[in-house]
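Chains as they are written, first to last, in numbering that gives the first Met the number 0: chain A, 0 to 241; chain B, 0 to 409.
Structure, as structure tokens:
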Amino acid sequence: MLKMNNVTKVFRTDLVETHALRDFNLHVQEGDFVAVTGPSGSGKTTFLNIAGLLETFNGGQYHLDGLDVSNLSDKERSRIRNEKIGFIFQGFNLIPDLNLFDNVDVPLRYRGFRSAERKRRIEQSLEMVGLASRMKHLPSQLSGGQQQRVAIARALAGEPRFLLADEPTGNLDSKMAHSVMDLLKDINARGTTIVMVTHDPLLAKQARRNIFVRDGKVSELHEVSAFAEDETAASKVANSKQ
Amino acid sequence: MFNSSSWEVGPILRALMRNKVGALLIAIQIAVTMCIIVNAIHIILERQELMARDSGIDEANSFHLISTGFANDFNEQVTIETDLNTIRALPGVIDAVQINAIPISGGGWSMGLQTQPGAEFDGVGTAVYMVDEHVLEALDLELIAGEAFKPTHVRWRERAQTNWPDQTIITKAMAESLFPEEPWQQVVGKTVYINDNEPILIMGIIDKLQAPWVGWNNVEHAMLSPEKTLFSSSRYLVRTEPGRRDELMPKVEEILAESNKGRIIRDVTSMMDTRERSYRRHGAMIKILTTVMVILTVVTALGIVGLASFSVNRRRKQIGTRRALGASQSAILRYFMLENFLISTVGVVLGAALTIGLNIYLVQAFSLDRIDWYFIPLGMLVLWMVGQLAVFGPAKRAAGIAPAIATRTV
Ligand SMILES: Nc1ncnc2c1ncn2[C@@H]1O[C@H](COP(=O)(O)OP(=O)(O)O)[C@@H](O)[C@H]1O
Ligand SMILES: [Mg+2]
Chain A
0 MLKMNNVTKV FRTDLVETHA LRDFNLHVQE GDFVAVTGPS GSGKTTFLNI AGLLETFNGG
60 QYHLDGLDVS NLSDKERSRI RNEKIGFIFQ GFNLIPDLNL FDNVDVPLRY RGFRSAERKR
120 RIEQSLEMVG LASRMKHLPS QLSGGQQQRV AIARALAGEP RFLLADEPTG NLDSKMAHSV
180 MDLLKDINAR GTTIVMVTHD PLLAKQARRN IFVRDGKVSE LHEVSAFAED ETAASKVANS
240 KQ
Chain B
0 MFNSSSWEVG PILRALMRNK VGALLIAIQI AVTMCIIVNA IHIILERQEL MARDSGIDEA
60 NSFHLISTGF ANDFNEQVTI ETDLNTIRAL PGVIDAVQIN AIPISGGGWS MGLQTQPGAE
120 FDGVGTAVYM VDEHVLEALD LELIAGEAFK PTHVRWRERA QTNWPDQTII TKAMAESLFP
180 EEPWQQVVGK TVYINDNEPI LIMGIIDKLQ APWVGWNNVE HAMLSPEKTL FSSSRYLVRT
240 EPGRRDELMP KVEEILAESN KGRIIRDVTS MMDTRERSYR RHGAMIKILT TVMVILTVVT
300 ALGIVGLASF SVNRRRKQIG TRRALGASQS AILRYFMLEN FLISTVGVVL GAALTIGLNI
360 YLVQAFSLDR IDWYFIPLGM LVLWMVGQLA VFGPAKRAAG IAPAIATRTV
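Dropping the structure here:
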């Protein structure tokens with residue numbers, strides 16, 4: 000359902016050319032939960048941006064849901080982002096001037112839903128992340144973990160097929176990180192395909208599948224058959240790799 | 000997609016309420032600009048209307064001059080007769096008169112006419128033009144009732160003389176002011192009184208002739224008195240055939256100066272110059288107000304550009320995030336246009352109130368006219384448009400922000 004074959008991405012500035020992705024190959028099945036790890040600067044965010052149609056690429060093929068996305072117009076890409084993809088960011092990216100209700104409302108308005116439909120979806124998704132009672136609060140009145148939950152509610156309100164998360168727990172302490180991770184697993188269990196970039200091996204091991212990116216390439220595939228229930232086992236695997 | 004959900008009025012308003020100060024300052028600036036622009040345009044149009052008024056004479060083809068005798072043997076009466084005959088005989092001259100004052104020139108005589116004799120009655124003020132029987136042709140006046148002066152009506156007036164000829168021709172406006180109850184046609188043949196109790200017969204009515212004072216409320220009040228003056232200085236007003244004025248001005252000056260060395264000719268001036276000089280203050284006022292309006296509009300537009308650019312820069316991450324969540328470029332453009340429209344709306348509503356307030360003050364303090372009601376919606380429309388034009392650049396730049404900004408930690 001997400002298929003990248005030999006995707007390359009080059010950033011050109013006046014002085015340097017950065018090959019952020021070189022012959023990047025990845026297939027993600029429907030319903031999968033893929034954790035992407037790798038050193039800083041290896042191309043994880045670039046991969047996620049291309050996967051989420053935030054950025055274009057220079058070579059190779061990328062099919063999303065069977066659709067070749069390389070020649071879509073900006074408008075079509077916007078529409079696909081809005082309908083099929085949910086984004087979760089390291090910095091939450093909530094709009095500080097809008098309360099939780101209006102924040103979750105943002106993608107629904109671009110979708111063109113009527114007001115009653117939007118209201119239903121907003122309440123439902125805030126309910127799911129346990130923040131329905133805080134709808135009129137501003138993001139600044141919430142903890143980091145709560146803000147990320149709102150961001151997840153916002154990403155899910157449009158019922159996307161994909162959830163793309165770039166270091167979703169990077170700004171959270173480990174307790175909050177785990178609760179966000181539990182939420183993501185829960186969402187995946189209900190059928191949403193998730194691709195998550197993380198630098199935390201413990202969290203990565205909880206995904207169904209791990210990939211490792213180095214120098215703009217998928218260098219190592221780690222298949223995990225099911226959610227690792229045993230945290231010590233997961234950390235042993237992680238330790239043995241280092 | 001003209002779906003109400005994509006017009007984010009509610010969220011934009013709520014977000015604006017959290018950043019009131021900047022938006023409010025711009026709204027106030029818009030309001031003040033609108034208030035001043037609308038009132039300035041109103042004043043300009045009023046002035047232009049004043050300036051466009053017809054003096055009643057053939058301004059484009061007329062000029063005037065002064066002849067002042069100084070020699071001991073200067074015979075004024077003979078000189079005037081000779082001068083007028085000479086000028087009238089010149090090819091290209093339609094006619095000429097001696098006249099004591101020039102319409103719309105700023106200087107002249109006024110008297111009061113009253114319908115009943117007696118010092119206890121108030122007169123109606125009027126400009127007085129002392130002229131001979133050539134006046135209608137020389138000034139291009141239209142006699143609309145009664146009779147014109149004949150040579151026999153015209154007398155000579157000495158400098159110290161205070162009594163008046165027995166006949167007069169007045170303007171229609173003067174007739175209507177003297178006898179407001181009656182149709183102006185029936186004013187012909189009536190007797191009015193000058194100097195409290197000297198009777199004068201109204202023998203004719205002319206369509207239009209303005210007084211020398213353009214700022215006077217009764218500028219349309221004028222009377223023609225059939226007399227030539229012996230005041231040692233004489234004014235002549237000369238009307239030429241179309242297109243021959245400039246050629247005849249120096250020629251007449253030269254001929255008169257040559258014909259009699261006992262006097263000097265001065266102040267040879269075209270009526271167009273006279274008008275220009277009389278309305279110079281109005282013209283200057285119009286220029287100043289126009290400059291103020293342009294500057295104010297530019298400053299306001301720049302203020303809008305500044306605020307919008309600032310808020311676009313401040314919200315780069317937010318814009319990228321909105322793009323990531325599915326906003327098209329046009330949705331981002333629309334967001335900023337709509338935000339500006341909402342700020343402008345507060346501005347122009349406030350501006351409408353201020354405009355009316357300032358106008359009420361101007362009406363009371365300077366007896367200006369009231370603004371026509373449609374100036375208000377027009378002013379609102381103009382400022383809405385200024386706002387939308389000003390915000391378009393920054394909004395376009397916002398729409399160009401890459402969605403990838405959302406994930407890049409800046
Ligand atoms: N907009 C950009 N312009 C130039 N170089 C970029 C840009 N974005 C990323 N890069 C470069 O591409 C490489 C991959 O970056 P990124 O995908 O952000 O890595 P990661 O997320 O794994 O840390 C890095 O060398 C980075 O400096
Ligand atoms: Mg990254």
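Cβ coordinates follow ideal geometry from the N, Cα and C atoms, glycine included.
As far as DSSP is concerned, P200 of chain A takes part in no beta bridge. Not one beta carbon of chain B lies nearer than 8 Å to the beta carbon of R119 of chain A. Between ligand 2 and K395 of chain B, a heavy atom-to-CB distance of less than 7 Å is absent.
Distance from the CA of G117 of chain B to the CA of V77 of chain B, rounded to the nearest whole angstrom, comes to 39 Å.
Counting every other CB atom within 10 Å of its CB across the protein chains shown gives T151 of chain B a total below 16, marking it as exposed.
For G203 of chain B and A39 of chain B, the gap between their C-alpha atoms comes out near 42 Å.
Residue-level contact by beta carbon holds for I94 of chain A and chain B, with a gap shorter than 8 Å. When the alpha-carbon of E226 of chain B is set against those of B:V304, B:E132 and B:E246, the nearest one is in B:E132. Out of B:I143, B:A30, B:P198 and B:A300, the CA that lies nearest to the CA of Q113 of chain B is found in B:P198. Considering only B:Y360, B:I103 and B:T85, the residue with the shortest C-alpha distance to N216 of chain B is B:I103. Taking 8 Å as the cut-off, the beta carbon of G90 of chain A is found no closer than this to the beta carbon of N5 of chain A.
At a beta-carbon threshold of 9 Å, the residues of chain A lying near R13 of chain B are D96, L97, N98 and D101, ordered along the chain. Interface annotation, R396 of chain B: not in contact with chain A, CB-CB separation never under 8 Å. Scanning chain A for C-beta atoms nearer than 7 Å to the C-beta of Q317 of chain B yields I94, reported in chain order. Here DSSP, grouped into helix, strand and coil, assigns E157 of chain B to strand. Note on geometry: alpha-carbon atoms of F340 of chain B and T354 of chain B lie some 20 Å from one another. Straight-line measurement puts the Cα of A19 of chain A at about 7 Å from the Cα of F10 of chain A. In this structure I93 of chain B touches T239 of chain B by the C-beta definition: roughly 6 Å separates them, less than 8 Å. Only exposed fits I359 of chain B, as fewer than 16 other CB atoms lie within 10 angstroms of its CB. For the pair L177 of chain B and V123 of chain B, the CB atoms are nearer than the 8 Å cut-off.
Neighbours of D73 of chain A across chain B, judged by C-beta separation under 8 Å: S327 and Q328. Contact check for P10 of chain B against D101 of chain A passes: the beta carbons are separated by less than 8 Å. Positions of the alpha helix (DSSP H) runs, each at least 4 residues long and wholly inside the segment 32 to 115 of chain B, are given as 75 to 88 in order along the chain.
The C-alpha of D53 of chain B lies about 31 Å from the C-alpha of N162 of chain B. The beta carbon of R321 of chain B sits closer than 8 Å to some beta carbon of chain A. Put simply, the CB of P402 of chain B is near chain A, with a gap under 8 Å to one of its CB atoms. The C-alpha of M271 of chain B lies about 13 Å from the C-alpha of L236 of chain B.
In this structure, K184 of chain A has its beta carbon at no less than 7 Å from each heavy atom of ligand 2. Look at the beta carbons and you see the segment 106 to 113 of chain A not touching the segment 56 to 71 of chain A: under three pairs across the two are nearer than 8 Å. For P138 of chain A, not one C-beta of chain B is nearer than 8 Å to its own C-beta.
Of the residues assessed, V130 of chain B falls on the buried side of the cut-off, its CB having 16 or more other CB atoms within 10 angstroms. Inclusion of A210 of chain B and A126 of chain B in the CB contact set at 8 Å is warranted, their separation being smaller than that value. Listed by position along chain B, the residues whose Cβ is nearer than 8 Å to that of T44 of chain A are T406 and R407. A distance below 8 Å separates the beta carbons of V385 of chain B and T299 of chain B. The C-beta of G129 of chain A comes no closer than 8 Å to any C-beta of chain B. The secondary-structure analysis by DSSP pairs M195 of chain A across a beta bridge with A:A34 and A:A164.
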